[in-house]
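To start, the structure under review is shown below, and the notes come after it.
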Ligand SMILES: [Fe+2]
Ligand SMILES: [Fe+2]
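Numbering (my numbering), first residue to last: -10 to 249.
Printed below as a string of structure tokens:
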């Protein structure tokens, strides 16, 4: 089977591009399932139920979270009514939502998806992602051998370390959060597909999807600036992973598509 992964969807422009481009990509590459990181969907920060419902016809099966998961205050009460949204599994158990789920792909395969948050150069609050995934995997494996992880993290080293640690134990570890696609897609020796970062669905003329001027102002002056999202000239970045019925990754290919 084939799984399309796409990086952080940023704002309204990202949502529109996802809806416009994903159905075509799914058929062009014969993909059976699609996972997208959605943590910047709602105006650049977090999720709303409305945004998720709006994406019903997008072809995205599961939205994963990240450090912006609770940016929209109503989402903590909305998430439990949205079975296709995952918050990072290594946030405290008392938080609403769930960190992993098993879903049925269009070819009938069962696919387990886990959202994890990194800890290096990121705001504190997440438990160890290595320990969390290790604790959860035996239960998940009883349901399906096809297991994919979105590791939402800043440091390439932490991402590679997690990918290497779970090589042979999961089908894919793909990174999100930096909004910049990396060119290190590969299959590790144990059969796990890996890429440090998928990139984003956001504006080409931007700094990580935000308008350039306010970000420059903050870097140059150290003064606060309101970061606005550039909704025009959107590029979708992601990867397509081919997985055998046993859960072993057989290929990973980067994909990049501009909304014309
Ligand atoms: Fe992001
Ligand atoms: Fe993030």
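Every residue, glycine too, gets a C-beta built ideally from N, C-alpha and C.
C-alpha gap between residue i and residue j, whole angstroms
i           : j           : result
residue 240 : residue 232 : 7 Å
residue 115 : residue 10  : 33 Å
residue 202 : residue 217 : 9 Å
residue 178 : residue 160 : 12 Å
residue 140 : residue 124 : 16 Å
residue 57  : residue 16  : 31 Å
residue 2   : residue 46  : 16 Å
residue 153 : residue 214 : 39 Å
residue 181 : residue -7  : 15 Å
residue 234 : residue 151 : 23 Å
residue 166 : residue 242 : 19 Å
residue 12  : residue 210 : 43 Å
residue 192 : residue 107 : 25 Å
residue 62  : residue 76  : 15 Å
residue 138 : residue 97  : 20 Å
residue 82  : residue 249 : 43 Å
residue 53  : residue 90  : 11 Å
residue 19  : residue 212 : 48 Å
residue 88  : residue 187 : 20 Å
residue 208 : residue 109 : 21 Å
residue 21  : residue 94  : 6 Å
residue 143 : residue 55  : 11 Å
residue 42  : residue 4   : 11 Å
residue 119 : residue 113 : 16 Å
residue 200 : residue 176 : 35 Å
residue 8   : residue 246 : 13 Å
residue 194 : residue 29  : 17 Å
Where the beta strand (DSSP E) through residue i begins and ends
i           : result
residue 245 : 238 to 247
residue 104 : 99 to 106
residue -9  : -9 to -5
residue 137 : 136 to 141
Assigned secondary structure, residue i (DSSP; H/G/I helix, E/B strand, else coil)
i           : result
residue 76  : coil
residue 120 : helix
residue 234 : coil
residue 125 : helix
residue 227 : strand
residue 90  : strand
Presumed contact (8 Å Cβ cut-off) between residue i and residue j, rounded CB distance
i           : j           : result
residue 238 : residue 174 : The Cβ separation is near 10 Å, so there is no contact.
residue 184 : residue 198 : So it is not a contact: roughly 19 Å between Cβ atoms.
residue 226 : residue 204 : No, residue 226 and residue 204 are not in contact; Cβ-Cβ is about 19 Å, not under 8 Å.
residue 79  : residue 117 : 7 Å
residue 64  : residue 35  : 6 Å
residue 50  : residue 26  : About 13 Å; that fails the 8 Å criterion.
residue 101 : residue 129 : 5 Å
Alpha helix (DSSP H) segment containing residue i, residue limits
i          : result
residue 66 : 64 to 67
Proximity test, residue i beta-carbon vs ligand 3 heavy atom, cut-off 7 Å
i          : result
residue 34 : You won't find ligand 3 in this model; what it holds is ligand 1 and ligand 2.
Within-8 Å CB hit, residue i to chain E
i           : result
residue 134 : Among the protein chains of the structure shown there is no chain E, as only one such chain exists.
May I have a chain-ordered list of the beta strand (DSSP E) segments no shorter than 3 residues that lie completely inside the stretch 5 to 61? 22 to 26 and 51 to 53
Ignoring anything shorter than 3 residues or poking outside the stretch 146 to 224, list the beta strand (DSSP E) runs there in chain order. 161 to 165, 182 to 184 and 189 to 192
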